[in-house]
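Be aware that the sequence shown starts at 23, since it is given in the working numbering, and climbs by one per residue. Read through the structure below, which is laid out as structure tokens, and then see the notes.
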Amino acid sequence: MSAERRTSGTPAAPPALELRSVTREFLLGSELVKALDTVSLSIAQGEFTAIVGRSGSGKSTLLNLAAGIDVADSGQVFVAGRELSRLDDDALTIQRRERIGMVYQFFHLLPTLTVRENVALPLLLGRGDERKALARATKLLEEVGLSHRATARPHTLSGGEMQRAAVARALVHAPALVLADEPTGNLDSRAAAQIVELLASLGARHGATVVMVTHSREAAQVAQRIVEMSDGRVIADTAATPA
Ligand SMILES: Nc1ncnc2c1ncn2[C@@H]1O[C@H](COP(=O)(O)OP(=O)(O)OP(=O)(O)O)[C@@H](O)[C@H]1O
Ligand SMILES: [Mg+2]
């Protein structure tokens, strides 16, 4: 949309995620490490972005700040136009619970719940109706091809299946923003490709913005945009070349 249309027509949607000059430091022994060093980044709604970079470059720190799990030392983090530091504890909890979906390298499924209950969990943690939550989980399990494992316990699933369940859980509450930290890090290449495809296709279908940290070049190529980090800074930001 052009600048003129934006000023004369309806206001443009705010970015799904925006960092303005964000710094996050940690004290490691006597040394102050800048996990993020004045990072500015804007990710449009609906965009599928991969974050790449060496170990320790600040990728997880960036996701944790976006999720509202961690707080910047300086600068501002906006999710869908809301500045997180301006939200009180209750609003931040709602923000995390209702508007963010997370996918982790080690799945983080609860062993005592069935696969379907795990997927429904973000809805059950809210004030959701249990029957509706489980029905919605059933639908998401269909979308990730896991209907046949709905009543199984997570430990009986393969790694790829566990991550498909985790992707279903990340999308079950229709979050605006899905944050995936190394979602393919523990999978073989075939399962990894499936997970990245699911994040791309389900993200698009559900209108979610997906930010995925990855060490995998193949995984990053599926994204529309690749942001490379080094020593807490963004050193490259490129549109991915279509395969
Ligand atoms: N809670 C913490 N306490 C102390 N230092 C931290 C903490 N979290 C991150 N760091 C440091 O901040 C820097 C960035 O860490 P971060 O976890 O963001 O890196 P990363 O890019 O995700 O790395 P990896 O690819 O290994 O997951 C590292 O030097 C790390 O040691
Ligand atoms: Mg990390």
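Note that CB positions come from ideal geometry on N, CA and C, so glycine has one too.
Check: How far does the alpha helix (DSSP H) with Q246 in it reach, from first residue to last?
Finding: Within the sequence shown, the letter at position 224 stands for residue 246. In this chain, Q246 is not harboured by any alpha helix (DSSP H), its DSSP state being neither H nor E.
Notebook entry, point to check: Are there 16 or more other CB atoms within 10 angstroms of the CB of F100, so buried, or fewer, so exposed?
Noted result: Taking the sequence shown and counting its residues from 1, the one referred to as residue 100 is at position 78. Result: buried.
Next item on the list: Give the DSSP-derived three-state secondary structure of G181 in the structure shown.
Entry: For the purposes of this step, residue 181 is identified with residue 159 of the sequence shown, where counting begins at 1. Reduced to three states, the DSSP call for G181 is helix.
Check: How big is the Cα-Cα spacing for S24 and G97?
Finding: Against the sequence shown, residue 24 aligns to sequence position 2. Against the sequence shown, residue 97 aligns to sequence position 75. Its pLDDT being 46, under 50, S24 is placed unreliably in this model, and the value from its coordinates should be taken loosely. Going from the Cα of S24 to the Cα of G97 covers about 28 Å.
Next item on the list: Reducing DSSP to helix, strand and coil, say where A222 ends up.
Entry: Within the sequence shown, numbered from 1, the residue matching residue 222 stands at position 200. Judged by DSSP in its simplified three-state form, A222 adopts helix.
Note to self: Taking the alpha-carbon of P205 as reference, which of V55, L143, L58, A215 has the nearest alpha-carbon?
What the structure shows: On the sequence shown, residue 205 is found 183 positions in, with the first residue counted as 1. Comparing alpha carbon positions, the residue from V55, L143, L58, A215 closest to P205 is A215.
Next item on the list: Please report how far the alpha carbon of V141 lies from the alpha carbon of R191, in whole angstroms.
Entry: By one-based count along the sequence shown, residue 141 stands at place 119. By one-based count along the sequence shown, residue 191 stands at place 169. So the two alpha carbons sit approximately 4 Å from each other.
Next item on the list: Assuming Q246 contacts T71 (C-beta within less than 8 Å), just tell me the rounded distance between them.
Entry: For the purposes of this step, residue 246 is taken as residue 224 along the sequence shown, with counting starting at 1. For the purposes of this step, residue 71 is taken as residue 49 along the sequence shown, with counting starting at 1. Right, their Cβ atoms sit about 7 Å apart.
Note to self: Is E11 close to ligand 2? I mean its beta-carbon at under 8 Å from any heavy atom of the ligand.
What the structure shows: The structure shown has nothing for residue 11, since the chain only spans 23 to 265.
Checklist line | Through-space distance from H195 to I122, alpha-carbon basis | finding: Start at 1 with the first residue of the sequence shown, and residue 122 comes out as number 100. Start at 1 with the first residue of the sequence shown, and residue 195 comes out as number 173. Just so you know, the alpha carbons of I122 and H195 end up roughly 9 Å apart.
Next item on the list: In angstroms with no decimal places, state the Cα-to-Cα distance between T45 and N86.
Entry: Here residue 45 refers to the residue found at position 23 when the sequence shown is read from its first residue. Here residue 86 refers to the residue found at position 64 when the sequence shown is read from its first residue. Their backbone Cα atoms lie some 13 Å apart in a straight line.
Notebook entry, point to check: Exposed or buried, which one is E105 when buried takes at least 16 other CB atoms within 10 Å?
Noted result: Here residue 105 refers to the residue found at position 83 when the sequence shown is read from its first residue. Exposed is the call here.
Notebook entry, point to check: Under a Cβ-count criterion, where at least 16 other Cβ atoms within 10 Å of its own Cβ denotes burial, should V233 be classed as buried or exposed?
Noted result: Translated into positions along the sequence shown, residue 233 becomes position 211. The residue in question, V233, is buried, as its Cβ has 16 or more Cβ neighbours within 10 Å.
Next item on the list: State buried or exposed for F128, treating a residue as buried only when at least 16 other CB atoms are found within 10 Å of its CB.
Entry: The residue you call residue 128 lines up with position 106 of the sequence shown. The Cβ neighbour count for F128, taken over all protein chains shown within 10 Å, is under 16; the residue is labelled exposed.
Notebook entry, point to check: In terms of DSSP beta bridges, what is G123 paired with?
Noted result: Residue 123 sits at position 101 when you count from the first residue of the sequence shown. According to DSSP, residue pairing for G123 in a beta bridge involves V200.
Check: Would the C-beta of T71 count as close to ligand 1, meaning under 8 Å from any of its heavy atoms?
Finding: As a first step, residue 71 is located in the sequence shown; it is residue number 49 there, counting from the start. No, Cβ of T71 sits at least 8 Å from all heavy atoms of ligand 1.
Note to self: Between which two residues does the alpha helix (DSSP H) holding R153 run?
What the structure shows: Counting from one through the sequence shown, the residue named residue 153 turns up at place 131. Run containing R153: 152-165, per the alpha helix (DSSP H) assignment.
Notebook entry, point to check: Whose C-beta lies closer than 6 Å to the C-beta of T134 among residues of the same chain, with five residues either side of it excluded?
Noted result: Here the question's residue 134 lines up with position 112 in the sequence shown. If we look at T134 and ignore the five residues flanking it on each side, it has no Cβ neighbours.
Note to self: Using C-beta distances below 6 Å, list every residue in its chain close to I217, excluding the 5 sequence neighbours before and after it, in chain order.
What the structure shows: The sequence position of residue 217 within the sequence shown is 195, counting from 1. Counting only residues of its own chain and dropping the five nearest sequence neighbours on each side, I217 has a CB closer than 6 Å to the CB of Q185, P205, T206.
Next item on the list: Would you check whether ligand 2 has a heavy atom nearer than 8 Å to the C-beta of V232?
Entry: By 1-based counting over the sequence shown, the position of residue 232 is 210. No, ligand 2 has no heavy atom inside 8 Å of this Cβ.
Item checked: Alpha-carbon spacing of M124 relative to T178, whole angstroms -> Position 102 of the sequence shown, counted from the start, is the residue given in the question as residue 124. Position 156 of the sequence shown, counted from the start, is the residue given in the question as residue 178. When rounded, the distance between both Cα atoms is 22 Å.
Notebook entry, point to check: Short check: CB of G181 to CB of D151, under 9 Å?
Noted result: Mapped onto the sequence shown, residue 181 falls at position 159. Mapped onto the sequence shown, residue 151 falls at position 129. The Cβ atoms of G181 and D151 lie no closer than 9 Å to each other.
Check: Using CA coordinates, which residue listed in V200, A226, L221, S223 is at the minimum distance from A102?
Finding: As a first step, residue 102 must be located in the sequence shown, where it is residue number 80. For the residues V200, A226, L221, S223, the minimum Cα distance to A102 belongs to V200.
Next item on the list: Indicate whether V189 and L220 have their beta-carbon atoms separated by less than 9 Å.
Entry: Your numbering for residue 189 matches position 167 in the sequence shown. Your numbering for residue 220 matches position 198 in the sequence shown. Cβ distance < 9 Å, so V189 and L220 count as in contact.
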